[in-house]
Amino acid sequence: MAKRILFTLTTLLLICGLNPAFGQQMQPTMLIDTPTAGTLDRGSYDVGLRLYANGGVLGDISVGLSSRLMFGISFGGENIIGEGDIHWNPNPGIHLRYRMIDETIALPAFTVGYNSQGYGAYLKSAKRYTVKSRGFFLVASKNYAFLGDLSFHGGVNYSLEKGDGDTDLNFFTGLMKSLNPDLWFIAEYDF
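Remember, the working numbering sits 99 above the position in the sequence shown when you count from 1.
Structure (structure tokens):
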């Protein structure tokens with residue numbers, strides 16, 4: 100009898116832990132600076148604010164147009180906080196992403212997107228921000244709920260900011276691990 104109960108509990112735990120729906124309860128769209136394959140649900144929105152050196156502020160808003168498609172805009176500048184003249188970014192940034200493939204037990208989710216917003220000082224001579232925009236990107240994300248919500252993310256991007264002569268593809272990777280329902284460990288690396 101005890102073996103039967105143990106077998107039933109183990110089977111239920113594995114089914115719940117391996118079910119991709121459990122891994123999609125929370126869909127982060129970003130780690131720190133790198134995108135994930137997550138998208139906003141239809142009708143939901145996300146508002147962000149980034150502070151950076153020289154009194155820089157960058158605000159953005161994104162909205163879920165469908166369960167797979169999201170769109171966002173951003174704008175900011177330097178010296179917004181502090182003294183002196185404000186140096187606005189030359190153009191607003193746009194962000195668009197589409198999830199091509201949903202996550203399954205065997206496969207990660209795949210998302211393609213475009214983000215024209217870099218951050219930091221705008222370098223007029225190089226026609227780019229201190230930290231380049233992602234440009235076009237492809238990212239894959241896989242969550243393992245049975246490991247306590249451990250997700251891996253990896254992707255490639257091609258920035259259209261080429262004024263500095265750097266035209267190479269960029270690769271990035273990251274992970275998120277829940278420590279408890281309210282606290283996450285997040286790490287990422289840009290190659």
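Beta carbons are placed, not taken as given, at the ideal position from N, Cα and C, and that holds for glycine.
Tell me which residue opens and which closes the beta strand (DSSP E) that residue i is part of.
{"i": "S165", "result": "That residue, S165, is in no beta strand (DSSP E); it is neither H nor E in DSSP."}
{"i": "G253", "result": "L249 to Y257"}
{"i": "I131", "result": "Note, I131: premise wrong, no beta strand (DSSP E); not H, not E."}
{"i": "F271", "result": "N269 to N279"}
{"i": "T229", "result": "R227 to V230"}
{"i": "T210", "result": "A208 to N214"}
{"i": "G192", "result": "G192 to I200"}
{"i": "R149", "result": "Y144 to Y151"}
{"i": "A220", "result": "Y218 to L222"}
So, helix, strand or coil for residue i, using DSSP?
{"i": "F290", "result": "coil"}
{"i": "L246", "result": "helix"}
{"i": "G175", "result": "strand"}
{"i": "A136", "result": "coil"}
{"i": "D265", "result": "coil"}
{"i": "D184", "result": "coil"}
{"i": "F284", "result": "strand"}
{"i": "A205", "result": "coil"}
{"i": "G154", "result": "coil"}
Under 8 Å between the Cβ atoms of residue i and residue j?
{"i": "G181", "j": "G158", "result": "no"}
{"i": "S250", "j": "N256", "result": "no"}
{"i": "I179", "j": "V156", "result": "yes"}
{"i": "S232", "j": "E260", "result": "yes"}
{"i": "Y213", "j": "L195", "result": "yes"}
{"i": "I185", "j": "G192", "result": "no"}
Going straight from the alpha carbon of residue i to that of residue j, what length do you get?
{"i": "T135", "j": "G183", "result": "37 Å"}
{"i": "Q216", "j": "S173", "result": "7 Å"}
{"i": "A239", "j": "A286", "result": "16 Å"}
{"i": "Y197", "j": "G273", "result": "20 Å"}
{"i": "L278", "j": "I160", "result": "28 Å"}
{"i": "Q123", "j": "D281", "result": "Reliability fails at Q123, whose pLDDT of 43 lies under 50, so the model's placement of it is uncertain and no value is given."}
{"i": "G254", "j": "N269", "result": "8 Å"}
{"i": "L139", "j": "P127", "result": "8 Å"}
{"i": "A220", "j": "T229", "result": "5 Å"}
{"i": "G262", "j": "G234", "result": "14 Å"}
{"i": "G264", "j": "S258", "result": "11 Å"}
Which word fits residue i, buried or exposed, when buried means at least 16 other C-beta atoms lie within 10 angstroms of its C-beta?
{"i": "F271", "result": "buried"}
{"i": "V146", "result": "exposed"}
{"i": "F236", "result": "buried"}
{"i": "G137", "result": "buried"}
{"i": "A208", "result": "buried"}
{"i": "A205", "result": "exposed"}
{"i": "N190", "result": "exposed"}
{"i": "R141", "result": "exposed"}
{"i": "L148", "result": "exposed"}
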